[in-house]
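A.B. asks:
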Amino acid sequence: MFAGFDFGILWLNAPFLWNGMLLTLQLTLLAVSGGLLLGIVLAVGRLSPIKPLAWLVEGYVNFLRSMPLILVIFWFYTLVPKLIGRPVSGFYSVLIAFVMFEAAYYSEIIRAGISSVRRNQISAAKALGLTNLQSMRYVVLPQAVRNMIPVLLTQSIVMLQDTSLVYVVGLRDFLTSADIVASRDNRPTELYLFVAIVFLIVCFSASRLVNRLRRRYAL
Amino acid sequence: MIELAHVSKWYGPAQVLDDCSMTIAKGEVVVICGPSGSGKSTLIKCINGLEPFSKGTITVDGISVGDRTTNLPKLRSRIGMVFQSFELFPHMTACENIVLAQQKVLGRNREAATAKAAELLARMGLAEHATKFPAQLSGGQQQRVAIARALAMDPIAMLFDEPTSALDPEMITEVLDVMVKLAEDGMTMAVVTHEMGFARKVADRVVFMDQGSIVEDADKEAFFGTPRSQRAQLFLSKILQH
Chain L
0 MFAGFDFGIL
10 WLNAPFLWNG
20 MLLTLQLTLL
30 AVSGGLLLGI
40 VLAVGRLSPI
50 KPLAWLVEGY
60 VNFLRSMPLI
70 LVIFWFYTLV
80 PKLIGRPVSG
90 FYSVLIAFVM
100 FEAAYYSEII
110 RAGISSVRRN
120 QISAAKALGL
130 TNLQSMRYVV
140 LPQAVRNMIP
150 VLLTQSIVML
160 QDTSLVYVVG
170 LRDFLTSADI
180 VASRDNRPTE
190 LYLFVAIVFL
200 IVCFSASRLV
210 NRLRRRYAL
Chain E
0 MIELAHVSKW
10 YGPAQVLDDC
20 SMTIAKGEVV
30 VICGPSGSGK
40 STLIKCINGL
50 EPFSKGTITV
60 DGISVGDRTT
70 NLPKLRSRIG
80 MVFQSFELFP
90 HMTACENIVL
100 AQQKVLGRNR
110 EAATAKAAEL
120 LARMGLAEHA
130 TKFPAQLSGG
140 QQQRVAIARA
150 LAMDPIAMLF
160 DEPTSALDPE
170 MITEVLDVMV
180 KLAEDGMTMA
190 VVTHEMGFAR
200 KVADRVVFMD
210 QGSIVEDADK
220 EAFFGTPRSQ
230 RAQLFLSKIL
240 QH
């Protein structure tokens with residue numbers, strides 16, 4: 000079946016492809032951490048008793064969740080340099096786009112996690128004299144995090160796959176690097192197959208990890 | 000020490016508390032009973048401001064609970080509360096449950112807070128369970144940890160909201176024993192409970208509630224001897240039948 004294919008090309012271009020993978024991992028890691036941080040802030044804002052704040056956040060979340068990610072990437076690619084008045088590397092504009100976009104999804108997951116903690120737990124925390132913030136920090140969030148870790152990780156796996164969209168702004172992530180080699184050496188089948196297998200391995204192992212965590216941290 | 004004057008509360012159009020007044024003096028043990036839905040739990044949660052109330056005043060140690068300027072967290076840290084469903088923090092060990100508020104609210108250092116937790120757990124007969132998580136403890140053990148958690152704050156009064164209602168019968172005694180001991184040591188207590196045996200043993204007064212109002216507030220002897228209200232008589236005849 001693979002007669003006429005030359006998989007040696009992968010070996011020859013391994014350092015180049017590895018650099019692409021590093022960028023993909025770096026983007027995923029930064030986008031996930033940034034998205035999580037902003038997501039927590041958004042979730043707390045959305046659950047806030049201050050109604051206008053909650054509405055504002057709700058608007059933001061619903062708006063971004065209605066947008067295709069690729070559009071958000073285009074926006075920030077053109078918007079950020081205009082906003083700050085100087086050119087920005089594709090990497091940063093894309094990263095900001097990812098963080099803003101993912102935060103909307105993460106905030107919904109976090110909100111659900113927080114809501115899953117029983118109300119009486121908050122009463123118990125308050126009855127001990129903890130402030131609202133302390134109750135959140137020491138009682139609600141640690142429990143909420145356990146409930147939401149599997150879902151957050153699943154969303155992060157999706158994020159890893161979505162990073163390949165940086166293709167459109169010419170960043171050399173894993174897929175783009177493979178694509179460059181594919182067109183240069185005219186070996187698209189080998190390269191795209193390789194990309195597919197790598198994504199499959201990474202995402203499949205990550206899902207397995209999620210399932211193990213889910214069992215381990217079930218409260 | 001605790002004074003409720005004309006406290007009323009509405010949930011929308013439904014009135015859940017109707018002009019409730021009572022006082023609990025220092026060192027007094029008051030048992031609050033009544034049919035379910037009579038407002039007992041709501042009333043007791045108003046005392047530490049967990050439930051807001053619509054009208055009237057509540058003062059604890061001279062501090063007005065309903066006042067907007069009152070520092071509620073600070074006031075709550077001085078009033079212990081025990082819940083029907085224990086509400087231990089499931090992600091912390093028994094010891095950590097007791098240490099948390101001592102450190103974060105009272106500012107005690109780790110050593111002092113842990114020592115206090117160990118001492119209280121020993122008092123509750125739970126010394127060997129300090130490092131266990133709530134899910135590894137029986138209901139009775141969990142509730143005793145919850146009592147220890149409240150006592151660790153050195154409260155001036157303790158509120159119990161049906162502390163034995165969620166327990167299997169064989170575990171009720173171990174929790175009640177701890178509460179009896181506490182009462183005998185002079186703790187000021189307000190206890191919502193159906194355990195009339197407990198009331199007979201340690202209560203100074205019994206308050207009977209029905210449909211949001213305090214129907215009867217009497218000395219223990221008077222209440223169990225000859226309750227004045229018909230509703231209290233009916234209630235007693237029902238729960239003392241068995």
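Top line first, the protein sequences correspond to chains L and E.
Mapping of the first sequence onto numbering that gives the first Met the number 0: residues 0 to 218, in sequence order.
Mapping of the second sequence onto numbering that gives the first Met the number 0: residues 0 to 241, in sequence order.
Built from N, CA and C at the ideal position, the CB exists for glycine as well.
Going by DSSP, name the residue or residues bridged to TRP74/L.
C.D. replies: DSSP lists no partner for TRP74/L.
A.B. asks: Consult DSSP for ASP176/E and reduce its assignment to one of helix, strand or coil.
C.D. replies: Of the three classes helix, strand and coil, the one that applies to ASP176/E here is helix, per DSSP.
A.B. asks: For LEU239/E, which residues of its own chain have a beta-carbon under 8 angstroms away from its beta-carbon, when the five flanking residues on both sides are left out?
C.D. replies: These residues qualify, in order along the chain: MET195.
A.B. asks: With respect to the beta strand (DSSP E) encompassing VAL206/E, which residues constitute its N-terminal and C-terminal limits?
C.D. replies: Per DSSP, VAL206/E belongs to the beta strand (DSSP E) from 204 to 209.
A.B. asks: With a CB to CB cut of under 6 angstroms and the five nearest residues on each side skipped, what residues in its chain are close to GLY48/E?
C.D. replies: Excluding residues within five positions, the ones whose Cβ falls inside 6 angstroms are VAL64, LEU71.
A.B. asks: For ARG143/E versus LEU119/E, is the C-beta spacing smaller than 7 angstroms?
C.D. replies: No, the pair does not count as a contact, with Cβ atoms beyond the cut-off.
A.B. asks: So which residues of chain L does VAL174/E contact, with C-beta pairs closer than 9 angstroms?
C.D. replies: Correct list: empty, because the minimum Cβ distance to chain L is about 17 angstroms.
A.B. asks: Taking beta-carbon pairs under 7 angstroms, can you tell me which members of the region 72 to 88 of chain E lie near chain L?
C.D. replies: Those would be PRO72, LYS73, ARG75, SER76, MET80, PHE82, SER84, GLU86, PHE88, in chain order.
A.B. asks: Given this structure, state the Cα-to-Cα distance separating MET80/E from LYS219/E, to the nearest angstrom.
C.D. replies: If you take the alpha carbons of MET80/E and LYS219/E, they lie about 23 angstroms apart.
A.B. asks: Rounded to the nearest angstrom, what separates ALA165/E and ILE171/E at their Cα positions?
C.D. replies: Whole-angstrom Cα-Cα distance: 9 angstroms.
A.B. asks: From which residue to which residue does the alpha helix (DSSP H) around ILE43/E run?
C.D. replies: 39 to 46 is the extent of the alpha helix (DSSP H) around ILE43/E.
A.B. asks: Taking just the CA atoms, how far does GLU27/E sit from GLY224/E?
C.D. replies: Those two C-alpha atoms are separated by around 20 angstroms.
A.B. asks: How long is the line joining the alpha carbons of CYS82/E and LEU150/E, rounded to whole angstroms?
C.D. replies: Note on residue identity: the sequence assigns Phe, not Cys, to residue 82/E. Spanning the two alpha carbons is a distance of roughly 14 angstroms.
A.B. asks: Could you compute how far the alpha carbon of VAL29/E sits from the alpha carbon of MET178/E?
C.D. replies: In a straight line, the C-alpha of VAL29/E is about 12 angstroms away from that of MET178/E.
A.B. asks: So, is ASN172/L buried or exposed, given that buried needs 16 or more other C-beta atoms within 10 angstroms?
C.D. replies: According to the sequence as given, residue 172/L is Asp; it is not Asn. ASP172/L comes out buried.
A.B. asks: What are the boundary residues of the beta strand (DSSP E) that includes PHE197/E?
C.D. replies: No beta strand (DSSP E) holds PHE197/E; the alpha helix (DSSP H) holding it covers 195 to 201.
A.B. asks: Work out the CA separation of SER155/L and GLY138/E for me, nearest whole Å.
C.D. replies: Using only the alpha carbons, I get a separation of about 38 angstroms.
A.B. asks: On a Cα-Cα basis, can you pick out the residue from LEU190/L, ASP161/L, VAL209/L, LEU212/L that is closest to PRO67/L?
C.D. replies: Of the candidates LEU190/L, ASP161/L, VAL209/L, LEU212/L, the one whose C-alpha sits nearest the C-alpha of PRO67/L is ASP161/L.
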